[in-house]
Structure formats: structure tokens, C-alpha cells
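Asks: Please read through the structure below; I'll follow up with questions.
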Amino acid sequence: ERGAEVVMSVMKPRKKAGQEPPKMIAESMLHADVILIPVSYSVTHTYAVKAAAANGARILVLTDFTEDMLIHGGIEADFQSIKPVCKAVADAFAKGNKVHVTSPGGTDLWIDITGRRGNALYCVVEPGEFSTIPTVEANSSPIEGSANGRIVADASIPYLGIGVLDEPVIVDVRDGFITSITGGKQAEVLKKDLASHNDHNCYNIAELGVGLNPKCRMCGIMLEDEGVIGTAHIGIGTSITLGGTVKAPTHYDLLMWNPRIEVDGQVIIDGDKVLV
6 ERGAEVVMSV
16 MKPRKKAGQE
26 PPKMIAESML
36 HADVILIPVS
46 YSVTHTYAVK
56 AAAANGARIL
66 VLTDFTEDML
76 IHGGIEADFQ
86 SIKPVCKAVA
96 DAFAKGNKVH
106 VTSPGGTDLW
116 IDITGRRGNA
126 LYCVVEPGEF
136 STIPTVEANS
146 SPIEGSANGR
156 IVADASIPYL
166 GIGVLDEPVI
176 VDVRDGFITS
186 ITGGKQAEVL
196 KKDLASHNDH
206 NCYNIAELGV
216 GLNPKCRMCG
226 IMLEDEGVIG
236 TAHIGIGTSI
246 TLGGTVKAPT
256 HYDLLMWNPR
266 IEVDGQVIID
276 GDKVLV
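So in my numbering, the last spot in the sequence shown is 281, and the numbers never skip.
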């Protein structure tokens, strides 16, 4: 109906999240109007996606997608009806400066987002935009070096085979970087992986995101977990596609239940309630 010509490119599966696609595919992306990316490991946080979006492409990323996700869960949401809420939270981030994130599990984190954009990912994209699907989230990337405090992930770390957490993963942060990771076996998986890359940027506090899809389920799959209402996540590692400046070999998200998020003293998220 639109007169579009579909071209399908197949690449060898990436070895880890955040690894760039081959140069030939990255170059093709620069000339595409619409890009669908079903992959095993996320390429969302890559120069290829950033450049394609800057060139006007509409991009949807379908990472670790399952057949069930095409039918049930987050995909059942009315994305257009969620759009105003998602954009309102993103706008609050864009206008904000100091952000304080707390949770009943023990999170107590301060970040500075002064001058950083707010990103609204609601699965409907205009030219120059990308979104994951079916997660719906609003996020922002902190100023490098500004994050201080503690993150307690007690919901999920949907990477590295970790998934839904059996016990909390406690992450201490100083001047924008992780200084310690403690917890049980799942914490050790994260700790060992980050150390294996031998790159300090893997420990960068890259993102604050809020789940906003009422149909998403906590199941250990990234694009379902991160959309669950009543959760927030702190992204670590690469921040280049979110408005930050750090490129790392990885980008992982640490999810918490029942966040309370204050922007310049105003509560905008309180558990599963959006107050903007």
C-alpha cells in the first residue's frame, strides 16, 4: 500500500549486548526509512542505531523476542493511549535537574539530568526516532559523573541469563560509576561479566528509566520486564543513544520494584502511580 520495498539482511548473532552490527548492515541502515531489528542480543545502544535515527529512520528493536510475545503481554497494550503519559514523564525529565530515586528495597540514588533530553519510548515511532517494543518507558541519561548513592535491584536483571531476581543485587555508586556489587549468585554473574570486559565505562551510570506498559509481565525477558508498571531501571554502560556520551562494550539494566522518583523535589513517580 505504501509502495515500500522490503530488504532483509541477516548477520551472525552478536556475542553480547551493545556490539555493533557489521559495517555493511550499518551502512544499509543509513539509507532505510523504516528499520525492524529482531535480534538475540540488543543493538539498541550502538553507533549504527544512533546514526540511522539521526538520518531520519524509524526504528523498532525487537530483542530476544519470542512467539508468545507476538500475541500476549506487552504487545496487547494500546500504545497510542499510553503515549501522553509516557511523553509527560519524558518531558518532566527534560525540564529537570536534580533527581532522587528511592525504593522500599533500599535504593537511594541521586543523579543530575540538567540539559539532558527525556526519551519517550512508546512503540510508535516518527522519522528520526527509535523504540523498543513492547516495553513502554520514559528515560533520561544522567550527566556523566553525577550519580551517587546505592541501587538495590530487587525485580530483574534481564541479561546474562540472570532474569527475575531471587535476591537483591546491591550496587554502590560514586561519582557516576559503580564501586561495588554485592548479593548472591546472580550478583556474581553481573560482577564477573563487567570485570571481563576490562573497560571502566561498563560501570558508568547511563540511564534512569520508568516502566509504563500496563500489559507487560515480569518474566525475565528484557522487553517485557522493563515495561512493567511499578518498576524503574538504572542502565549501566553505554549511554550514546539516550543522550549521554559514554560508549562501552555493554549496556545492562537493573530493575527495582516500587520506585519513588523526585525531580527537583517534585514526586513524579510513586510506585505504580504517575504523578505528572
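Note that beta-carbon positions come from the ideal geometry of N, C-alpha and C, so glycine has one too.
Whose CA, out of S45, V12, M29 and A9, lies closest to the CA of R19?
Replies: S45
Asks: Going by beta carbon distance, what residues of the same chain come within less than 6 Å of A160, once the five residues before and after it are set aside?
Replies: T236, L260, M261 and W262
Asks: Taking the C-alpha atoms as reference points, what is the distance between T184 and V178?
Replies: Computed Cα separation, rounded: 5 Å.
Asks: Using only CA atoms, which one of I273, V174, P163 and D269 lies nearest to G232?
Replies: P163
Asks: Hey, how far is the Cα of P173 from the Cα of A192?
Replies: 8 Å
Asks: Tell whether a beta-carbon distance below 8 Å holds between L213 and V90.
Replies: Not closer than 8 Å, so no.
Asks: Evaluate T187 with the Cβ neighbour count: other Cβ atoms within 10 Å of its Cβ, from every protein chain shown; 16 or more gives buried, anything less gives exposed.
Replies: exposed
Asks: Skipping 5 residues on each side, what residues in its chain have a beta carbon closer than 7 Å to that of L35?
Replies: A56, A57 and N60
Asks: Less than 8 Å between the beta carbons of L165 and D198, yes or no?
Replies: yes
Asks: Quick check: K220 and G79, are their CB atoms within less than 8 Å of each other?
Replies: yes
Asks: Pick from R121, M227, V268 and G120: whose alpha carbon is nearest that of G168?
Replies: Comparing Cα positions, the closest option is M227.
Asks: Between the C-alpha atoms of T112 and N144, what's the straight-line distance to the nearest angstrom?
Replies: 17 Å
Asks: Sorted by chain position, which residues of the same chain lie with C-beta nearer than 6 Å to G276's C-beta, five sequence neighbours on each side aside?
Replies: G235 and N263
Asks: Using the C-alpha atoms, what's the distance from E32 back to V215?
Replies: 32 Å
Asks: Please look up how many angstroms separate the CB atoms of P139 and M223, rounded, as I've assumed it's under 8 Å.
Replies: The beta carbons of P139 and M223 sit about 14 Å from each other, so the pair does not count as a contact at 8 Å.
Asks: By alpha-carbon positions, which one of P132, A200, F182 and P26 ends up nearest to E149?
Replies: F182
Asks: Which first and last residues belong to the beta strand (DSSP E) in which M261 is found?
Replies: H256 to W262
Asks: Quick one, which of H238, G242, S146 and R63 has its alpha-carbon nearest I3's?
Replies: No statement about residue 3 is possible, as the shown extent of the chain runs from 6 to 281 and does not include it.
Asks: Between D117, K92, A95 and A93, which has its C-alpha nearest V104's C-alpha?
Replies: D117
Asks: With which residues is A125 paired in a DSSP beta bridge?
Replies: A143
Asks: Report the rounded CA-to-CA distance for I245 versus G270, giving the unit in angstroms.
Replies: 27 Å
Asks: Quick one: using the 10 Å Cβ neighbour count with 16 as the cut-off for buried, is H205 buried or exposed?
Replies: exposed
Asks: Using the C-alpha atoms, what's the distance from C128 back to A82?
Replies: 10 Å
Asks: Look at the alpha carbon of Y52 and the alpha carbon of D69, and state the distance between them as a whole number of angstroms.
Replies: The alpha-carbon atoms of Y52 and D69 are separated by roughly 20 Å.
Asks: Taking the runs of the beta strand (DSSP E) that are 3 residues or longer, which of them lie wholly in the segment 181 to 268?
Replies: Counting only runs of 3 or more, we get 182 to 187, 210 to 216, 236 to 242, 256 to 262 and 265 to 268.
Asks: Quick one: residues in its chain with C-beta nearer than 6 Å to the C-beta of R265, no 5 flanking neighbours on either side, listed in chain order?
Replies: T107 and D275
Asks: Throw me the rounded Cβ distance for the V281 and V94 pair, which I believe falls under 8 Å.
Replies: That belief holds up - the Cβ atoms of V281 and V94 are roughly 6 Å apart, short of 8 Å.
Asks: Return helix, strand or coil for L75, following the three-state DSSP convention.
Replies: It is helical.
Asks: My guess is that S146 and A211 are in contact by the Cβ rule of under 8 Å, so how many angstroms apart are they, rounded?
Replies: 6 Å
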